[in-house]
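The working numbering numbers the first residue of the sequence shown as 36 and each following residue consecutively. Backbone N, C-alpha and C define an ideal beta-carbon position, used for all residues, glycine too. Reading through the structure tokens given below for one structure.
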Amino acid sequence: MLPKEGIDVIGSVQEFARLCTSDDEEDFMRAMTDVAPTFIWEEIIRTRPDLAEYVAQSQNLPDTVFETIALFAPWRARYLVAMQERTPAYVLAKLAKDGDSRVQKAAVANELTPLKVIAELRKDANEEIAQLASLAWTERAEKRAGKHSGRPEVTWDVPQPPGNAESENGEVPRYKSYFDELCAQRGLTENEVVRGFDPRDPQLPLAPEEPWVVAPWGEEGYVVGSQRGAEFAAYEVLPDLESAVSLVARLVREKPETGELPVNAAERGHRTAIGIDARTISRGGKPGSNELRPGDLLDCFDDDKAQFLFALGTPLAQRGISLKNEKPYRVFEVMAPLPLAVLEGLTAKTASNPGGGAIVVLDKPLRWYLDHNFLRELR
């Protein structure tokens, strides 16, 4: 990138070197404040690595130069970049995994380093880095998730009882969160529900896929939903944590009514697949809002948190997703037209499967559609 006309420009490696080593304070200030073409900065880093730390302190660096420093400059320059608030987040992510622990520590301590990277570093082979990352995680992630809310009814945690620092056997009692206490009251285990972070926040890590997830939603609300890969599907947003945990207890304990699998299920599933295929072709092969009709049959190998269904009988090779054998095979009948947010289309062709399977993508967990009588499970 070239600088605009009418401003002071550093035009060569030699000029920058002279400005940095000059006894004149104004020359040094020019080195720190003047702009330069990107190729000049990169040439300085490549040919004069001893000047890289001066480049790192320049007030007019484009993002690509920060990345060049992170990749090729000596450790002191990388360290300076790792400390700065103006360093792009993607560069800080690289520096947090730098080969020099001094640079790593600076990046981990930087509040702009992506939290997903900090989360990964809690298990770093370097114990010192892992401890620092854990401290940064506790301070940043839990605060970001609303841990320190002043309202008792929406806070994650409750304080330990006063005067109960140690139990009778001398052990410090486990610090239980309010969420833990609510789950224990309702007999819910960590295999059934976990607390997550606001799924709309790209800096926070994803929740696990197996259990139901309860997570903060904005300043006061909580959301109950399911995680599948990078996609979170919300079942419902509720005003308080108690209501959210109670909803999960209902989802776990109560099961919707089921119907009987018809003798012509295979034929109806085939018609469902033909309909999805024809409509997708009419859209030029692109997915679109579903046009499923009452009586169409769908299936899946998944539990109530599923986000993908297929036309009944779709060959496994065409499903485009890995089959987890521990999940049950289930069949569903469409009872009412599904919301337009539910998409239909054909699975993409990849190296591992031929694609072409008739797929339905839900915008909410499968259980929501069962509870609201859009779908009925058949047995």
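Under 7 angstroms Cβ to Cβ from residue i, same chain only, skipping five residues before and after it: list those, please.
i           : result
residue 329 : 369, 370, 371
residue 406 : 291
residue 110 : 135, 137, 138
residue 376 : 398
residue 244 : 262, 263
residue 73  : 36, 97, 99, 100
residue 125 : none
residue 156 : 131, 143, 164, 165, 168
residue 120 : 147
Under the three-state reduction of DSSP, which class applies to residue i: helix, strand or coil?
i           : result
residue 327 : coil
residue 380 : strand
residue 409 : coil
residue 45  : coil
residue 387 : coil
residue 365 : strand
residue 334 : strand
residue 150 : helix
residue 349 : coil
residue 341 : coil
residue 220 : helix
residue 281 : helix
residue 160 : coil
residue 241 : coil
residue 77  : helix
residue 171 : helix
residue 371 : coil
Hey, quick one: how far does the beta strand (DSSP E) through residue i stretch, first residue to last?
i           : result
residue 230 : 228-230
residue 393 : 393-396
residue 66  : Run containing residue 66: none in the beta strand (DSSP E); it sits in the alpha helix (DSSP H), 60-68.
residue 273 : 266-273
residue 251 : 247-252
Looking at residue j and residue i, is the spacing between their C-beta atoms short of 7 angstroms?
i           : j           : result
residue 348 : residue 388 : no
residue 153 : residue 168 : yes
residue 353 : residue 382 : yes
residue 334 : residue 345 : yes
residue 257 : residue 276 : yes
residue 130 : residue 105 : yes
residue 272 : residue 227 : no
residue 108 : residue 80  : yes
residue 268 : residue 393 : no
residue 148 : residue 127 : yes
residue 362 : residue 400 : no
Tell me where the alpha helix (DSSP H) around residue i begins and ends.
i           : result
residue 306 : 300-317
residue 261 : Residue 261 -> not in any alpha helix (DSSP H); beta strand (DSSP E) instead, spanning 256-263.
Short of 6 angstroms in beta carbon distance, which residues of its chain neighbour residue i, apart from the five on each side in sequence? Order them along the chain.
i           : result
residue 68  : 94
residue 38  : Low per-residue confidence applies at residue 38: pLDDT is 49, beneath 50, and the placement is therefore not dependable, though the value from the model is reported in the following sentence. Hits under 6 angstroms: 44, 70.
residue 239 : 150, 232
residue 112 : 87, 88, 91, 104
residue 285 : none
residue 373 : 325, 327, 409
residue 242 : 231, 248, 262
residue 350 : none
residue 122 : 101, 116
Counting only the same chain and skipping the five closest in sequence on each side, list residues whose C-beta sits under 8 angstroms from that of residue i.
i           : result
residue 413 : 293, 294, 295, 296, 297, 300, 332, 366, 367, 368
Report the residue ranges of all alpha helix (DSSP H) runs contained in full by the stretch 82-143; include only those spanning at least 4 residues, in chain order.
87-91, 98-107, 110-118, 124-130
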